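Numbering (the working numbering), first residue to last: 27 to 375. No residue lacks a Cβ here, since even glycine has one placed at the ideal position from N, Cα and C. Note that the structure is predicted; figures quoted are calculated from it, not measured. What follows is a short report on a single structure.
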Ligand SMILES: Nc1ncnc2c1ncn2[C@@H]1O[C@H](COP(=O)(O)OP(=O)(O)O)[C@@H](O)[C@H]1O
Ligand SMILES: [Mg+2]
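In structure tokens:
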């Protein structure tokens, strides 16, 4: 199918969405598109006559969490292309689910453990070594990631996990994070960010308040020590962007620190290679990977996700091509996603 004959459906959000840039791309490149509302009851009907759907759904959107995976699977079932596709959606914001899919393809995931009852969790806690990294299956910015240093600390965590459970969004943690950013970069922008954090503390984001309580499982990973950074790689089709994210002062966690370097080196190249291979194996259109280098210097995966935040690669200096050569370029991830979808459609029909 030729680009000029295609008709794309775009679900549009103004805030924190790829859709404004997708619309801009279509306007600039004469790609026909219409806006649709995936939350509508008749969405299946609405999509008749379109060639593909693009919907950047968010992990903090409790409504999307209720049906995005199922809608996307149903569309794919009838052969209708969607971004993100069914597998990309299925394992989004679900570290427990990712463990199974990554283990199934022997990806170099950091050894990860999951338990669904307190007795088995405690039995493991008594036999394993510490520290370990305990996490919730959902969340971002390292809010739900904790270093557990002892058996007693782990048992306390397990009691909560199999008791009243955890909130997956933390209003307090978000403010702490914003204050940390302000201390590092005393700008008006980071100051205003604290005010926004205070506002969100009082009036939480309506999208996230109804997210379910996380309970009745315990998920943990081996702790990879001495990492002053993690390596984030975002693969979209035949391009990959990467950066080193530095950990917060006195902390082992890089995600959400806001500190990073674009430096290009061999360790990143190794991660990019694994990232391309894994994306192909899983048949996903895009995957963001977090990697750390272990004590043997081997790249280990922390987690995957179909999408990254809008500003994650905003000032990027270039991308890797599939043959691992480097190309200097301005980075517009939204354009890469829509271009990849268009070339898929050109190939398919
Ligand atoms: N097993 C681990 N060993 C060492 N560092 C880790 C491990 N897991 C996570 N981290 C650090 O913590 C950060 C947040 O963890 P991650 O699982 O990616 O959660 P989030 O979804 O919040 O980004 C990572 O960016 C990394 O720096
Ligand atoms: Mg992460």
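Residue 329 beta carbon near ligand 2 (any heavy atom closer than 7 Å): yes
Contact test: residue 316 Cβ vs ligand 2 heavy atom, cutoff 7 Å: At least one heavy atom of ligand 2 lies closer than 7 Å to the C-beta of residue 316.
contact_flag[the region 232 to 247, the region 134 to 144] where n(CB pairs < 8 Å) is 3 or more: yes
Inter-residue Cα distance where the pair is residue 149 and residue 184: About 11 Å.
Residue from 178, 269, 59, 298 with nearest C-alpha to residue 157: 178
Buried versus exposed call for residue 92 [16 or more other C-beta atoms within 10 Å across all chains shown]: Label assigned to residue 92: exposed.
Residue 300 beta carbon less than 8 Å from that of residue 334: no
Assigned exposure category for residue 292 - 16 Cβ within 10 Å defines buried: exposed
Of the listed residues 297, 32, 229, nearest to residue 259 (C-alpha basis): The candidate whose alpha carbon is nearest that of residue 259 is 297.
Proximity test, residue 285 beta-carbon vs ligand 1 heavy atom, cut-off 7 Å: no
Three-state secondary structure assigned by DSSP to residue 327: If DSSP states are grouped into helix, strand and coil, residue 327 belongs with the strands.
Where the beta strand (DSSP E) through residue 344 begins and ends: 344 to 347
Local Cβ density within 10 Å of residue 142, reported as buried at 16 or more and exposed below that: exposed
Distance cut-off 7 Å: residue 281 Cβ against heavy atoms of ligand 2: yes
Inter-stretch contact (C-beta, 8 Å, three-pair minimum) for the region 43 to 50 and the region 63 to 74: no
According to DSSP, residues forming a beta bridge with residue 280: Note: residue 280 sits in no beta bridge, so no partner.
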